[in-house]
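Below: one structure, written as structure tokens.
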Amino acid sequence: MPWETVIGLEIHTQLKTASKIFSGAGTAFGAEPNRQACAIDLGLPGVLPVLNAEVVRHAVRFGTAIGAEMPECSVFARKNYFYPDLPKGYQISQYELPVVGRGQVDILLEDGGLKTIGVTRAHLEEDAGKSVHEDHFGAGGLSGIDLNRAGTPLLEIVSEPDLRSPQEAVAYARKIHQLVRWIGISDGNMQEGSFRVDANISLRPAGSDTLGTRAEIKNINSFRFLHKALEFEIERQRDILEDGGRVVQETRLYDADLDETRSMRSKEEANDYRYFPDPDLLPVMIDGDFIARATADLPELPDAMRARFAEQYGLSEADASLLTNSLAMADYFEQTAAGCGDARLAANWITGALAAALNKSDLDIADSPVSPAGLVGLLKRIQDKSISGKIAKQVFDGLWVGEGNADAIIAARGLKQITDTGAIESIVDAVIAANPTQVEQYRAGKDKVFGFFVGQVMKQSQGKANPGVVNQLLKDKLAGS
Amino acid sequence: MLDQPQGVSIGELAARLRRRECSSRELTADYLARIERHDSALNSFITVTPEAALAAADAADQRLARGEGGPLTGIPIAHKDIFCTQGVRTSCASRMLDNFIAPYDATVVSRLNQAGAVSLGKTNMDEFAMGSSNETSWYGPVKNPWDTTRVPGGSSGGSAAAVAAGLCLAATGTDTGGSIRQPAAFCGITGIKPTYGRCSRWGMIAFASSLDQAGVLARSAADAAHVLQAMAGFDPNDSTCADEPVPDYATNLNDSPRGLRIGVPREFLSPELDSRIAAVIEQAIELLCQLGAERHDISLPNSALSVPAYYVVAPAECSSNLARFDGVRFGHRCADPIDLDDLYQRSRGEGFGTEVKRRIMIGTYVLSAGYYDAYYLKAQKIRRLIKEDFQRAFAEVDIILGPTAPTTAFALGAKTADPVAMYLNDIFTISTNLAGLPGMSVPVAPVAGLPVGLQLIGNYFAEARLLNVAHQLQQASDWHLARPTEQKLRS
Chain A
1 MPWETVIGLE
11 IHTQLKTASK
21 IFSGAGTAFG
31 AEPNRQACAI
41 DLGLPGVLPV
51 LNAEVVRHAV
61 RFGTAIGAEM
71 PECSVFARKN
81 YFYPDLPKGY
91 QISQYELPVV
101 GRGQVDILLE
111 DGGLKTIGVT
121 RAHLEEDAGK
131 SVHEDHFGAG
141 GLSGIDLNRA
151 GTPLLEIVSE
161 PDLRSPQEAV
171 AYARKIHQLV
181 RWIGISDGNM
191 QEGSFRVDAN
201 ISLRPAGSDT
211 LGTRAEIKNI
221 NSFRFLHKAL
231 EFEIERQRDI
241 LEDGGRVVQE
251 TRLYDADLDE
261 TRSMRSKEEA
271 NDYRYFPDPD
281 LLPVMIDGDF
291 IARATADLPE
301 LPDAMRARFA
311 EQYGLSEADA
321 SLLTNSLAMA
331 DYFEQTAAGC
341 GDARLAANWI
351 TGALAAALNK
361 SDLDIADSPV
371 SPAGLVGLLK
381 RIQDKSISGK
391 IAKQVFDGLW
401 VGEGNADAII
411 AARGLKQITD
421 TGAIESIVDA
431 VIAANPTQVE
441 QYRAGKDKVF
451 GFFVGQVMKQ
461 SQGKANPGVV
471 NQLLKDKLAG
481 S
Chain B
1 MLDQPQGVSI
11 GELAARLRRR
21 ECSSRELTAD
31 YLARIERHDS
41 ALNSFITVTP
51 EAALAAADAA
61 DQRLARGEGG
71 PLTGIPIAHK
81 DIFCTQGVRT
91 SCASRMLDNF
101 IAPYDATVVS
111 RLNQAGAVSL
121 GKTNMDEFAM
131 GSSNETSWYG
141 PVKNPWDTTR
151 VPGGSSGGSA
161 AAVAAGLCLA
171 ATGTDTGGSI
181 RQPAAFCGIT
191 GIKPTYGRCS
201 RWGMIAFASS
211 LDQAGVLARS
221 AADAAHVLQA
231 MAGFDPNDST
241 CADEPVPDYA
251 TNLNDSPRGL
261 RIGVPREFLS
271 PELDSRIAAV
281 IEQAIELLCQ
291 LGAERHDISL
301 PNSALSVPAY
311 YVVAPAECSS
321 NLARFDGVRF
331 GHRCADPIDL
341 DDLYQRSRGE
351 GFGTEVKRRI
361 MIGTYVLSAG
371 YYDAYYLKAQ
381 KIRRLIKEDF
391 QRAFAEVDII
401 LGPTAPTTAF
411 ALGAKTADPV
421 AMYLNDIFTI
431 STNLAGLPGM
441 SVPVAPVAGL
451 PVGLQLIGNY
461 FAEARLLNVA
471 HQLQQASDWH
481 LARPTEQKLR
491 S
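Taken in order, these protein sequences are the chains called A and B.
FYI, the UniProt record's numbering numbers position 388 of the first sequence as 388, with every residue one higher than the one before it.
FYI, the UniProt record's numbering numbers position 284 of the second sequence as 284, with every residue one higher than the one before it.
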């Protein structure tokens, strides 16, 4: 039987604020355990939470970016459960009235088409702390609690079950990741846990409109793992269903080492969270003024920018999409395009050599050793034919390792293109003289041999000969003139 | 009578201190000696802090010598052991917090410190403020200074007994369902629970956050006005604290009650009420009318629902608020837990008393999936109806009067086996907490030698009016001047 996969994602993104959501303690990553936890984060008796307005501002920016309904009033609720890293015995979250209501985002499918994915809601909550077990304390059987992360502001973004494949799920997660970084509300750092994904997944017979029983895979912290976990889970559920079995509703864990999902707890063991409105916090009232102020400095959003890039610069959808992967990338591109006056040339270099180099060094565009101005310097020399595209690659390598600007590198490495016809002609003559067999073949009609001559001339000139001049001269000379 | 300066008000003492007729050190030493002499019979203090008190008195004397300080500078008071005090144990009368020393002061405490009040120590209470008799304390029950076989009321019973017995001039209390007003009534003193949000809850250990409010127990309305003045006002550390200016409570105390519209809810003076209590309440209302107030009979039709609604909302919140007492970070931890569940279960099992456990269980139940709508949500709807009752009433009247409690102080142990009978003692006080309104209790004529309280309920932020009416009543009568005899205290 053909099965349809139904996936919904819950994404926890850590909001970029100096202090925690309900206390003045800092949020920097990597501090010594419990050095960034104040009496409020520790849940000491008598302490009270006070909402950090910056957190609401971030949520409102996100809501605007996904065109969401933003209710005037949202309410913080307590989610009650016991765990040693949850200091108060409850997590302050939002339940019935989240700060961001229904919205949507478009994802780019592999066939180039767009698909709209519904966002059910996005709500604010505090993070819990972290338990540190035996491996930290040796074999003594002790566990420790680090509450530095307790109270870190999170925005939980819940999608509709609109995703139909691991590819779509990854595209959606990447889209949300792009967006939260773009609008500056999160650093999206997945290694540091600033962006974590829970995936709900079920299968149903193709054509059915009722949902199958789902499993939830918790705390996935890379796009690759998301893809693998979903693939594994689809297979697992399909095997069960095709054997006539039933999928049990449960929470599962993805083990990247074994590439499998494992049961964490079943529905029966699930907590009853006893949500109720937190009486220590007043309802949050958000008016048009607040929204206007919070979103006044929102940058042009990625979808709009991608469309504009395609339109304004005549770029392919794929290039436009790559160049709007992050705001830093888009800025880099626009500066470079403006500097050299040829957007497509700029796009080619950025999505080509630069992207490859960044990728290889695992660097973000913001940390690129080649600045837009540096790249422009190189592109200008291509445009004025001082160097060929091929030689330009060498100049780029020089730029990357910090040998100075393009002109300095061209001069130092002696890479300037030879456009002097006389100089090229002597090389051409020499090559023709040295390869009589190939000349004969060419003249007998084997046009392919022409490439061989070009290659030889370029080789002799160490790539510096102007290819146009080489072509012309070769054509003339081989024709027997 | 007890060897204390009878009828001397905080205002008068402040004047004497300022005139250097006595020093705060002398006054403080006197009160510490009184605690030493009488508190073994009352058990009204959990912790007495003589060194800190004398140091604070010396600091107050220095301020006074410089001609600085206000009406509370150098005045000995006490704090209910629910308010966190930096460096001094704050137990909430629970074994759970027997070893807890907060690294901060509650806002109410720090404001009183700034005002120069001298804290003598921390007063006994019902465990986590859950109780109406002060019998749930881990440190044992408090005795009523009027009759030591009787309860002082609760949960601020230690504060009420200490003030009544003259062991301090005033004390802080908290009122979640009547915990200031009912013990004030049982002990024959004046107690005020201001509007929800009038005083900061920062550093006040939470029982039911949406109902808890700090207030004052004192010997007169005028004394209470001085203390409340120092405690009240906006605090950015408490989101539910009201950003409303605090009027000068003392200036309005002498306004005449002429033209004051008094509402008497028929539900509060029902035929079921003890006729002797009804009679002394009527007597006080009559006195106010003689002073020019007009009586209106009103109705609060949903008041009968207040106790059941309260015993859903308060336990719900307490079940969540008390979850942090898990033995992991502070407070009592059981010995040698075998695993995490054992750590939780035994720490909480050993740390909490029966009444606290009962309310945690009720609260957990009413919030659980499947029961939330039937209990918690329904109770919140009743709460709205009760608020609306009051708003209708305050469209017609300026103040609502009635008894504070349906009985006088009952015998120790009389209701401990029947929690519902205990809960019903708060039947007249609970609705103001559900509505967030200010309430007050002042002594009227005693019944069978035991104090009775008249309850005054005002509209939001009408504390000044409550204090004014109570003060006028106290200017025209001497009920509030009655004191338990030393003989009674020793019997």
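From the three backbone atoms N, C-alpha and C, an ideal C-beta is built for every residue, glycine too.
Within chain A, partners of ALA214/B - CB distance below 8 Å = For the purposes of this step, residue 214/B is identified with residue 214 of the second sequence, where counting begins at 1. Correct list: empty, because the minimum Cβ distance to chain A is about 11 Å.
message = What residue range does the beta strand (DSSP E) around PRO265/B cover?
response = To locate residue 265/B, count along the second sequence from 1; it is residue 265. Looking at the DSSP string, the run of the beta strand (DSSP E) that includes PRO265/B is 261-265.
Status (buried if at least 16 other CB within 10 Å, exposed otherwise) for ASN52/A = Looking up residue 52/A in the first sequence gives position 52. By the neighbour-count rule (16 or more Cβ atoms within 10 Å), ASN52/A is buried.
inquiry  = Distance check for ALA417/B and ALA68/A, CA to CA, integer angstroms please.
reply    = Counting from 1 along the first sequence, the entry for residue 68/A is found at position 68. Counting from 1 along the second sequence, the entry for residue 417/B is found at position 417. Whole-angstrom Cα-Cα distance: 56 Å.
key: Contact with chain A by TRP138/B, beta-carbon distance below 8 Å   = One-based indexing of the second sequence puts residue 138/B at position 138. So no, TRP138/B is outside the interface.
task = Would you tell me roughly how many angstroms separate the C-alpha atoms of GLY131/B and SER303/B, rounded to the nearest one?
result = In the second sequence, the residue the question calls residue 131/B occupies position 131. In the second sequence, the residue the question calls residue 303/B occupies position 303. Computed Cα separation, rounded: 20 Å.
request  = Label ARG19/B either buried or exposed according to how many other C-beta atoms from any shown protein chain fall within 10 Å of its C-beta, with 16 as the threshold for buried.
outcome  = For the purposes of this step, residue 19/B is taken as the residue at position 19 of the second sequence. Result: exposed.
query = Just to confirm, are VAL180/A and GLY193/A a CB contact at a threshold of 8 Å?
reply = Taking the first sequence and counting its residues from 1, one reaches residue 180/A at position 180. Taking the first sequence and counting its residues from 1, one reaches residue 193/A at position 193. No, the pair does not count as a contact, with Cβ atoms beyond the cut-off.
task = Using three-state DSSP, classify LYS218/A as helix, strand or coil.
result = Sequence index remark: in the first sequence, residue 218/A carries index 218 (1-based). Reduced to three states, the DSSP call for LYS218/A is strand.
task = Please report the Cβ distance between ALA170/B and ALA218/B, rounded to the nearest whole angstrom; I am assuming they are in contact, meaning their Cβ atoms lie under 8 Å.
result = Locating residue 170/B in the second sequence gives position 170, where the first residue counts as 1. Locating residue 218/B in the second sequence gives position 218, where the first residue counts as 1. Yes, they are in contact, since the Cβ atoms of ALA170/B and ALA218/B sit about 4 Å apart, within 8 Å.
inquiry  = Can you list, in chain order, the residues of its chain with a C-beta nearer than 6 Å to that of THR474/B? Leave out the 5 residues immediately preceding and following it.
reply    = Looking up residue 474/B in the second sequence gives position 474. One detail in the question is off: residue 474/B reads as Gln in this sequence, not Thr. For GLN474/B, where only same-chain residues beyond five positions count, the Cβ hits under 6 Å are SER220, ALA221, HIS480.
request  = Anything in chain B within Cβ reach of TYR90/A, meaning under 8 Å, just list it in chain order.
outcome  = Taking the first sequence and counting its residues from 1, one reaches residue 90/A at position 90. By Cβ distance, chain B contributes SER320, ALA323.
inquiry  = Any beta carbon of chain A sitting closer than 8 Å to that of LEU13/B?
reply    = Within the second sequence, numbered from 1, the residue matching residue 13/B stands at position 13. Taking Cβ atoms only, chain A never reaches closer than 8 Å to LEU13/B, which makes this a no.
key: Same chain, Cβ closer than 8 Å to SER91/B, five either side skipped, listed in chain order   = Against the second sequence, residue 91/B aligns to sequence position 91. Excluding positions up to five away in sequence, the list reads ILE46, THR47, ASP81, LEU97, ASP98, PHE100, LYS122, TRP138, TYR139.
Chain B residues whose Cβ lies nearer than 7 Å to that of ASN80/A = Looking up residue 80/A in the first sequence gives position 80. Simply SER320, ALA323.
Contacts of LEU340/B in chain A (Cβ-Cβ under 8 Å) = Translated into the one-based positions of the second sequence, residue 340/B becomes position 340. Correct list: PRO84.
query = By the 10 Å Cβ neighbour count, where 16 or more other Cβ atoms means buried, how is GLN290/B classified, buried or exposed?
reply = One-based indexing of the second sequence puts residue 290/B at position 290. That one is exposed.
ask   = How is MET204/B classed by DSSP in three states: helix, strand or coil?
value = In the second sequence, residue 204/B corresponds to position 204, counting from 1. Of the three classes helix, strand and coil, the one that applies to MET204/B here is strand, per DSSP.
ask   = What three-state label does DSSP hand CYS199/B in the structure shown?
value = Residue numbering aside, residue 199/B sits at position 199 when the second sequence is read from its first letter. Correct three-state label for CYS199/B: strand.
message = If the criterion is Cβ atoms closer than 8 Å, does the pair GLY11/B and GLY70/B meet it?
response = The count along the second sequence starts at 1 and reaches residue 11/B at position 11. The count along the second sequence starts at 1 and reaches residue 70/B at position 70. No, these two residues do not count as a Cβ contact at 8 Å.
task = Answer with buried or exposed for THR73/B, where buried requires no fewer than 16 other C-beta atoms within 10 angstroms of its C-beta.
result = Here residue 73/B refers to the residue found at position 73 of the second sequence. Classification for THR73/B: buried.
query = Taking all protein chains shown into account, do 16 or more other C-beta atoms lie within 10 angstroms of the C-beta of GLU388/B, making it buried, or fewer, making it exposed?
reply = Residue numbering aside, residue 388/B sits at position 388 when the second sequence is read from its first letter. Exposed is the call here.
key: Nearest neighbour of PHE223/A, chosen from GLY63/A, ASN405/A, GLN191/A, LEU44/A [CA to CA]   = As a first step, residue 223/A is located in the first sequence; it is residue number 223 there, counting from the start. If we check each option's Cα against that of PHE223/A, GLN191/A comes out closest.
key: Environment of MET1/A [buried if 16+ CB atoms lie within 10 Å]   = Residue numbering aside, residue 1/A sits at position 1 when the first sequence is read from its first letter. Exposed.
task = Taking only runs that begin and end inside the stretch 401-464 of chain A, name each unbroken alpha helix (DSSP H) of 4 or more residues, in chain order.
result = 406-413, 421-434, 436-443, 449-460
request  = Less than 8 Å between the CB atoms is what I'm expecting for ARG121/A and PRO98/A, so what's the real figure, rounded?
outcome  = Position 121 of the first sequence, counted from the first residue, corresponds to residue 121/A. Position 98 of the first sequence, counted from the first residue, corresponds to residue 98/A. Indeed, because the Cβ distance is near 4 Å, the residues count as touching under 8 Å.
ask   = Is it buried or exposed for GLU135/B, if we count other Cβ within 10 angstroms and need 16 for buried?
value = Indexing the second sequence from 1 puts residue 135/B at position 135. GLU135/B should be labelled buried.
message = So, at 8 Å on beta carbons, what are the nonlocal neighbours of SER208/A in its own chain, with the 5 sequence-adjacent residues on each side left out?
response = Your numbering for residue 208/A matches position 208 in the first sequence. Cβ within range, chain order: GLU4.
query = Mind listing which residues of the stretch 356-372 of chain B have their C-beta closer than 8 Å to chain A's C-betas, in chain order?
reply = THR364, LEU367, SER368, ALA369, TYR372
ask   = How is PHE394/B classed by DSSP in three states: helix, strand or coil?
value = For the purposes of this step, residue 394/B is taken as residue 394 along the second sequence, with counting starting at 1. Here PHE394/B sits in helix by DSSP.
inquiry  = Against chain A, does MET204/B count as a neighbour if the rule is that its beta carbon must be under 8 Å from one of theirs?
reply    = Sequence index remark: in the second sequence, residue 204/B carries index 204 (1-based). Yes, its Cβ sits closer than 8 Å to a Cβ of chain A.
query = Near ILE298/B, what residues of its chain come up, given a Cβ to Cβ distance below 8 Å and the 5 sequence neighbours on each side ignored?
reply = Residue 298/B sits at position 298 when you count from the first residue of the second sequence. Answer for ILE298/B: GLY263, VAL264, PRO265, ARG266, ALA393, GLU396, VAL397, ILE400, listed in chain order.
message = Which residues of the stretch 75-96 of chain B have a Cβ closer than 9 Å to any Cβ of chain A? Give them in chain order.
response = ILE82, PHE83, CYS84, THR90, CYS92
key: Short Cβ contact (8 Å threshold) for LEU167/B with ARG261/B   = Position 167 of the second sequence, counted from the first residue, corresponds to residue 167/B. Position 261 of the second sequence, counted from the first residue, corresponds to residue 261/B. Contact: no.
ask   = When the cut-off is 8 Å and only beta carbons count, does ASN468/B lie next to chain A?
value = Locating residue 468/B in the second sequence gives position 468, where the first residue counts as 1. Answer no: the Cβ-Cβ gap between ASN468/B and chain A never drops below 8 Å.
query = Under a Cβ-count criterion, where at least 16 other Cβ atoms within 10 Å of its own Cβ denotes burial, should ALA224/B be classed as buried or exposed?
reply = By one-based count along the second sequence, residue 224/B stands at place 224. With 16 or more other Cβ atoms within 10 Å, it is buried.
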